[in-house]
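Quick notes on the structure that follows.
Numbering (this note's numbering), first residue to last: 651 to 831.
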């Protein structure tokens, strides 16, 4: 009987070792899957963080560049006011709210007095200068002249106390590339 007990014990130990080996393999697989989860989860979070930082930089650059365009738009609103347009009419023409018109006027400064000037473009058959010194040829150029610099005539003194361009700021777009490569 001792022989059969001994054989039964060996069989039990062998079965237990196989079960322990299966359990150990499973635990290693669970450990590897968890390691993959944490590794790839951290990598995904880092990628999103980098993208958010890049997006923030792009938005900052865009806001900086757009600020000058907003300032020019505010000056255009001020010019409409200088030309005698009421705030409600400016709002209707531009699609801005009255509050936005007020804010644009505040940003551009108070309107100045404007002399009555007709700013119509001379018709093509009469290529003489209009009230602000432009001719039809200055306004309408052929396709082959689009990239050719055009010299503007001297502006008429349409705004009291200015050179006729209402003190508009000029932004040199070639000075700085807002989207570095």
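A virtual CB, placed ideally from N, CA and C, is assigned to each residue, including glycine.
Checklist entry - Below 8 Å between beta carbons: does that hold for residue 717 and residue 754? => result no
Item to check | Cβ shell of residue 845 (< 6 Å), same chain only, five flanking positions each side left out | outcome: Residue numbering for the chain in the displayed model covers 651 to 831; residue 845 lies beyond these limits and cannot be assessed.
Checklist entry - Looking only at C-alpha atoms, which of 736, 745, 743, 726 sits nearest to residue 757? => result 726
Checklist entry - What did DSSP end up calling residue 734 once you bin it into helix, strand or coil? => result coil
Next on the checklist: Which of the three DSSP states is assigned to residue 759 in this structure?
Outcome noted: coil
Checklist entry - Does the distance from the CB of residue 748 to the CB of residue 737 come in under 8 Å? => result yes
Next on the checklist: What would DSSP say about residue 747, mapped onto helix, strand or coil?
Outcome noted: coil
Checklist entry - If we ignore side chains and look at the alpha-carbon of each, how far apart do residue 769 and residue 733 end up? => result Here residue 769 scores only 49 on pLDDT, less than 50, and its place in the model should not be relied on; the value that follows carries that caveat. Going from the Cα of residue 769 to the Cα of residue 733 covers about 11 Å.
Item to check | Nearest-angstrom Cα separation, counted from residue 695 out to residue 658 | outcome: 55 Å
Item to check | residue 697, buried or exposed, once every other Cβ within 10 Å from all chains shown has been counted against 16 | outcome: exposed
Next on the checklist: Please classify residue 730 as buried or exposed, where buried requires at least 16 other C-beta atoms within 10 Å of its C-beta.
Outcome noted: buried
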